[in-house]
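Data first, discussion second: the structure below is written as structure tokens.
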Amino acid sequence: MDWSAATLACKRSNAAYLIPEADSRSAFEALGDTWIGQYANASHQAVLSADSAGETHLSISGTRAGSLKLMDVFADVSLEPVKIAGGTITQGVVEGMQQMWDWVLATVPAGDVVNVNGHSLGGIRAQASPAFIDAARLGTIHSFAAPKFIAADFFAAHADVVARMVCVLNGEDGWCSWPWFDDRWQTRPPIDHVWLKANPGAFTMIPGPQWPNGWVFADHDVDRYQARLQAIAGSGVPA
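Here's what the structure looks like:
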């Protein structure tokens with residue numbers, strides 16, 4: 001586990017929430033990235049950037065409820081199953097994703113590898129990436145606080161990509177546990193997840209499907225994820 005890379009990915013996911021382009025550009029440049037562009041519509045927002053090594057990063061915003069982007073909230077509760085790319089994903093996640101990825105592929109040079117990150121709704125949309133881009137062009141996927149909107153058949157169909165995902169859960173994150181009672185949507189990627197704890201620098205590794213869910217909605221906050229990852233990265237824990 002590269003804790004510095006995970007922390008930086010979380011910072012990108014946090015910056016992806018910023019709506020004004022000038023603020024977005026400033027935030028990514030403060031992280032050492034070159035800001036390439038922003039995609040935004042009623043239910044999606046994402047930023048393309050390049051790091052100092054020239055690697056491309058797609059940072060997908062989570063639910064922008066605080067900015068009154070109500071279609072984001074609608075995406076969180078649109079739970080009808082959609083068959084896509086050999087598996088099943090909720091309608092709310094899939095809706096509009098093709099258009100976002102069309103923008104990505106039209107912007108990034110042909111053949112370039114794209115690393116993807118996202119928090120909350122952005123995290124699960126990051127996990128859905130192999131439905132929209134060839135696996136060979138996907139780098140590392142960092143997913144933070146992703147709810148359960150993808151079925152096991154999709155993860156099985158894209159096992160090669162799942163193997164290079166980094167999935168992070170925090171404390172007793174209540175929104176990450178959504179949907180709480182819908183039997184159709186109770187799956188997480190079948191890999192070990194980072195489970196962040198309250199004590200600075202504390203974490204455990206747990207198979208995603210074994211995470212016990214929770215009811216602490218403050219644990220969903222992206223700043224809390226970022227701070228706890230930063231504490232681990234600064235503690236000298238081996239990669």
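Residue 17 in UniProt numbering sits at position 17 of the sequence shown, and the numbers go up by one each step. For every residue, glycine included, the Cβ atom is placed at its ideal position computed from N, Cα and C.
Taking the alpha-carbon of residue i as reference, which of the options has the nearest alpha-carbon?
i, options, result
"D51", "S43, Q38, E29", "E29"
"A131", "G122, A146, H142, F155", "F155"
"C167", "F217, I232, E55, A126", "A126"
"I60", "S78, A128, V82", "A128"
"A216", "P238, W180, P189", "The question names Ala, but residue 216 in the sequence shown is Val. Of the candidates P238, W180, P189, the one whose C-alpha sits nearest the C-alpha of V216 is W180."
"S177", "D223, Q226, Q210", "Q210"
"S49", "D33, Q226, V93", "D33"
"M97", "A233, W195, A42", "A42"
Alpha carbon to alpha carbon, how far is residue i from residue j?
i, j, result
"S26", "L8", "15 Å"
"S4", "A202", "15 Å"
"T187", "H193", "13 Å"
"V222", "A85", "29 Å"
"G238", "N199", "Correcting the residue identity first, residue 238 is Pro in this sequence and not Gly. Their Cα atoms are separated by approximately 18 Å."
"G66", "K148", "Here the model assigns G66 a pLDDT of 48, short of 50, so the residue's position is not dependable, and the following value carries that caveat. For G66 and K148, the distance between alpha carbons rounds to 22 Å."
"W101", "T90", "17 Å"
"D182", "G54", "42 Å"
"W103", "Q45", "12 Å"
"A6", "V82", "30 Å"
"W195", "Q38", "30 Å"
"L18", "L229", "21 Å"
For my contact list, residue i and residue j are in at a C-beta cut-off of 8 Å; report their separation, rounded to the angstrom.
i, j, result
"D134", "N170", "The pair is not a contact, with the Cβ atoms about 31 Å apart (cut-off 8 Å)."
"G62", "G122", "4 Å"
"V47", "A16", "5 Å"
"I191", "V162", "6 Å"
"R164", "I150", "Rounded, the Cβ-Cβ distance is 16 Å, inconsistent with contact."
"residue 242", "E172", "Because the chain is modelled from 1 through 239, residue 242 falls outside the range shown and cannot be assessed."
For residue i, decide whether its Cβ has a neighbour in chain B, counting only Cβ atoms nearer than 9 Å.
i, result
"W178", "No chain B appears in the structure shown, which is made up of a single protein chain."
Can at least three beta-carbon pairs, one atom from the segment 6-17 and one from the segment 107-118, be found at a separation below 8 Å? Touching, yes, given that three or more Cβ pairs across the two stretches are closer than 8 Å.
Would the segment 202-212 count as touching the segment 103-115 if we require 3 or more Cβ pairs under 8 Å? Touching, no, given that fewer than three Cβ pairs across the two stretches are closer than 8 Å.
Ranges of the alpha helix (DSSP H) found wholly within the segment 88-143, counting only runs of at least 4: Listed in chain order, they are 91-94, 97-107, 121-127.
Could I get the ranges of all uninterrupted alpha helix (DSSP H) runs contained in the segment 187-237, with 4 residues as the minimum, in chain order? Fully enclosed alpha helix (DSSP H) runs of 4 or longer: 222-233.
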